[in-house]
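Pasting the structure below:
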């Protein structure tokens, strides 16, 4: 093949600073997505990756560039199968470090799902792409092409214009040759992309065939606002690469700019002959900055106030539509503020160019507990698809919080097991629970917005990484502050402790020193039942359940043992430990080597969460024989409507109290009892929910949970 950078091209580059821009737009733009997908024709799940990548492009016309890089063991052809590998693709994969296939690098950025490398599983591509699409690019890229079919000579004129300063003194421009419509086999294609066939052969598209520029790009040396880069590439299209015909009609050019080797600012694609792309995808009118906090802990009826700014980039005043949306309960109220004026409904307001607009969101929680999301949306009245928004969260009246994992699902599909955990809390009689993501939990902990939350329930499922470092550190901080943790999911121990997953010093510390457990072995389908340790004072009466495959043939229940001070609570067949619990006077933790989605029996999964909940609140005696607790006090009826009787069968002077799950005492009486006494209590004026009755003197304590309906 021939890569020919003509002497005239060098001269054109040398005088670039003196030439006026003629191709690329000079209006500020949002970033476009460049998804490099690491794939292979023998990879079963890769066709699903192709479908997901195509969906990102379809949802964002003109703002997504897809490059399929065939690399790794699954890309090795057999016999006459097409060889779509390139040495450049292997080098890019080595940079991105895929941990399985398919993997994808979105703009060569690191996201929570990718942890420390840029490659990540396919279930995180769309959310990562959404994040990129919300951000401005400091540089726009434009190009035009001309193709001579007689000589196969392709001329590419490239321009890059800086609308803002780059963070790096030098940037790098990349030009790649991409080819569609390569026919061949594909493992898993008939299952995950069955319509992508011609004559019984899979249609391979967006395949990286060659780089016109060097592997890590050509250097752009002027990267400050107003700088213009221009260069012409003349490239002779090979007739074949790795014995595969290069068909011009099936080819296109991808062009993008990186800050270094990584962090792709933005990119474009265009055909070979007489095509121009000026890089105008979505105009950047300005950005939101200076958010005081993303999460606040609210108290009814006080206002939780968020403040932030809109810094405009437009050159003239623009009318914006403002609107506030929320998932909050009906008894909550909210408003937004623009330059000191409050609004409660959709309105059209003028934002001046050159002047920072002061924005805000106010939230007034109601009596209903929730973790509520409020989103302030602003969009130009003449460009309504161009949406800028700010999410904020308020947590109020919540004592128990389900935290959903943020990692990639192990098989690349999407699952939602949240209801299994909230159903368990409802079964326990708790009325002050809600659910949120690991990201929001982390932000809430860092903002000191979890003082009212007593317990968290980590719904990890089968995701990788099980926890990011930031999430692990937030969980540790929550536990050190006295919070209790329930955690469940398969492969958590393997992921963190086996040496073959995503374990880091932060997650190893969480697992070993806070979950207080050791990893024994990765499970299999033979770990197909869950039986309580009958001698355990908390879970010993829970029935046995089958453990089922919830992940399409991927069944890996972790075998784990408790460390010193911990207890085994459940077993798989063969007395292999399936779960542990531990307390140290500061926090309590229950760890299950399977997720609740894998526990077949609904009552068993509810009981696991209920008994964890009750143990966290001290409603379960861990003394095997506590005669006083068993016979000293009885409450009836239970559940009740707020009117109930406490029967005390113990002599002496006792303090009788009733507290809610926030720890607030709602009833108190002193009982001087010579034999048996009945105390009638009226809590009918209090909200429905779970309360704890406590009878205590200097020698004994008895507690009982009651439910007021």
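In the working numbering, the protein residues as written are 5 to 713.
All residues carry an ideal CB built from backbone N, CA and C; glycine is no exception.
Predicted, not measured: the structure shown is a model, and the values here were computed from it.
Residue 710 to residue 623 span [Cα, whole Å]: Numbered from its first residue, the chain shown carries residue 710 at position 706. Numbered from its first residue, the chain shown carries residue 623 at position 619. Looking at the two C-alpha atoms, the distance is approximately 10 Å.
Touch test, the segment 636-646 against the segment 503-511, Cβ-Cβ under 8 Å, three pairs minimum: The segment 636-646, when compared against the segment 503-511, does not touch it at the 8 Å Cβ threshold.
Per DSSP, cross-strand counterpart(s) of residue 438: Along the chain shown, read from residue 1 onward, the residue named residue 438 stands at position 434. According to DSSP, residue 438 bridges with 405.
Which of helix, strand or coil DSSP assigns to residue 585: As a working note, residue 585 is residue 581 in the chain shown. In this structure, residue 585 counts as strand in the three-state DSSP scheme.
Length of the line joining the Cα atoms of residue 90 and residue 129: In the chain shown, counting from the first residue as 1, residue 90 sits at position 86. In the chain shown, counting from the first residue as 1, residue 129 sits at position 125. Straight-line Cα distance between these residues: approximately 23 Å.
Coarse secondary structure for residue 157, derived from DSSP in three states: The sequence position of residue 157 within the chain shown is 153, counting from 1. Correct three-state label for residue 157: strand.
Reduced DSSP secondary structure (H/G/I, E/B, other) of residue 513: Stepping through the chain shown from its first residue, residue 513 is reached at position 509. DSSP, reduced to helix, strand and coil, places residue 513 within a helical segment of the structure shown.
Of the residues 660, 253, 454, the one placed nearest residue 182, counting alpha carbons only: Working through the chain shown from its first residue, we reach residue 182 at position 178. Nearest C-alpha to residue 182: 253.
Completely contained alpha helix (DSSP H) runs for the segment 49-80, where each covers 4 or more residues: Listed in chain order, the complete alpha helix (DSSP H) runs (minimum 4 residues) inside the segment 49-80 are 50-63.
Contact between the segment 62-76 and the segment 194-201 (3+ Cβ pairs under 8 Å): Result no; under three Cβ-Cβ pairs closer than 8 Å.
At least three beta-carbon pairs within less than 8 Å, the segment 257-270 to the segment 351-365: Taking a cut-off of 8 Å on C-beta distances, the segment 257-270 does not touch the segment 351-365, as fewer than three cross pairs fall below it.
Given residue 230 as reference, the closest of 284, 170, 185, 218 once Cα atoms are compared: Translated into positions along the chain shown, residue 230 becomes position 226. The option with the nearest alpha carbon to residue 230 is 170.
Stretch-stretch touch, CB-based, cutoff 8 Å, three pairs: the segment 528-543 with the segment 389-401: Of all C-beta pairs linking the segment 528-543 to the segment 389-401, fewer than three are shorter than 8 Å, placing the two stretches out of contact.
Start-to-end residues for the beta strand (DSSP E) that takes in residue 229: Residue numbering aside, residue 229 sits at position 225 when the chain shown is read from its first letter. Taken as a continuous stretch (DSSP letters only), residue 229 belongs to no beta strand (DSSP E), as it is neither H nor E.
Own chain residues within Cβ distance below 6 Å of residue 746, not counting five before or after: Residue 746 lies beyond the stretch modelled for the chain, which goes from 5 to 713, so this question has no answer here.
Residue 483 versus residue 297: straight-line alpha-carbon distance, rounded: As a working note, residue 483 is residue 479 in the chain shown. As a working note, residue 297 is residue 293 in the chain shown. So the alpha carbons of these two residues sit roughly 22 Å apart.
Residues bridged to residue 183 [DSSP beta-bridge criterion]: Stepping through the chain shown from its first residue, residue 183 is reached at position 179. Answer is 211, 255.
Beta-carbon gap between residue 476 and residue 522 smaller than 7 Å: Residue numbering aside, residue 476 sits at position 472 when the chain shown is read from its first letter. Residue numbering aside, residue 522 sits at position 518 when the chain shown is read from its first letter. Their beta carbons are not under 7 Å apart, which means residue 476 does not touch residue 522 by this criterion.
Test item: CB-CB of residue 357 and residue 147 under 7 Å: Mapped onto the chain shown, residue 357 falls at position 353. Mapped onto the chain shown, residue 147 falls at position 143. Note that the C-beta distance between residue 357 and residue 147 is not below 7 Å.
Closest Cα partner of residue 133 within the set 176, 167, 99, 64: Numbered from 1 along the chain shown, position 129 holds the residue referred to as residue 133. Checking every option, the nearest Cα to that of residue 133 belongs to 64.
Element boundaries [alpha helix (DSSP H), containing residue 609]: Working through the chain shown from its first residue, we reach residue 609 at position 605. For residue 609, the uninterrupted alpha helix (DSSP H) segment begins and ends at 606-620.
Identified DSSP bridge partners for residue 413: Residue 413 sits at position 409 when you count from the first residue of the chain shown. Per DSSP, 467.
Boundaries (first-last residue) of the alpha helix (DSSP H) holding residue 133: Within the chain shown, numbered from 1, the residue matching residue 133 stands at position 129. Residue 133 -> alpha helix (DSSP H) spans 129-137.
DSSP beta-bridge partners of residue 394: On the chain shown, position 390 is the one that residue 394 refers to. Residue pairing by DSSP puts residue 394 in a beta bridge opposite 380.
Alpha-carbon spacing of residue 167 relative to residue 195, whole angstroms: Counted from its first residue, the chain shown places residue 167 at position 163. Counted from its first residue, the chain shown places residue 195 at position 191. Distance between the alpha carbons of residue 167 and residue 195: 45 Å.
Cβ distance (whole Å) where residue 283 is taken to contact residue 145 below 8 Å: Within the chain shown, numbered from 1, the residue matching residue 283 stands at position 279. Within the chain shown, numbered from 1, the residue matching residue 145 stands at position 141. Confirmed, Cβ separation roughly 5 Å.
Host beta strand (DSSP E) of residue 313 (start-end): Residue numbering aside, residue 313 sits at position 309 when the chain shown is read from its first letter. That run of the beta strand (DSSP E) goes 308-316.
Buried or exposed (CB count within 10 angstroms, at least 16 for buried), residue 495: Within the chain shown, the letter at position 491 stands for residue 495. Around the C-beta of residue 495, 16 or more other C-beta atoms lie within 10 Å, and the residue is accordingly described as buried.
Residue 538 versus residue 612 - alpha carbon distance: As a first step, residue 538 is located in the chain shown; it is residue number 534 there, counting from the start. As a first step, residue 612 is located in the chain shown; it is residue number 608 there, counting from the start. Near 14 Å, if we compare the C-alpha coordinates of residue 612 and residue 538.
CB of residue 443 within 7 Å of CB of residue 410, strictly: Along the chain shown, read from residue 1 onward, the residue named residue 443 stands at position 439. Along the chain shown, read from residue 1 onward, the residue named residue 410 stands at position 406. Yes. Within cutoff.
Range covered by the alpha helix (DSSP H) that runs through residue 289: As a working note, residue 289 is residue 285 in the chain shown. From DSSP, residue 289 is part of no alpha helix (DSSP H); its letter is neither H nor E.
Simplified DSSP state of residue 603, which is helix, strand or coil: For the purposes of this step, residue 603 is taken as the residue at position 599 of the chain shown. Reduced to three states, the DSSP call for residue 603 is strand.
Spatial distance of residue 470 from residue 414 (CA atoms): Working through the chain shown from its first residue, we reach residue 470 at position 466. Working through the chain shown from its first residue, we reach residue 414 at position 410. Spanning the alpha carbons of residue 470 and residue 414 requires a straight line of approximately 10 Å.
Residues bridged to residue 144 (per DSSP): What you label residue 144 is simply residue 140 of the chain shown in a count that begins at 1. Looking at the DSSP output, residue 144 sits in a beta bridge with 165.
Sufficient close CB pairs (3 or more, under 8 Å) joining the segment 185-192 to the segment 206-215: Look at the beta carbons and you see the segment 185-192 touching the segment 206-215: at least three pairs across the two are nearer than 8 Å.
Same chain, Cβ closer than 6 Å to residue 115, neighbours up to 5 away in sequence not counted: Against the chain shown, residue 115 aligns to sequence position 111. The residues are 132.
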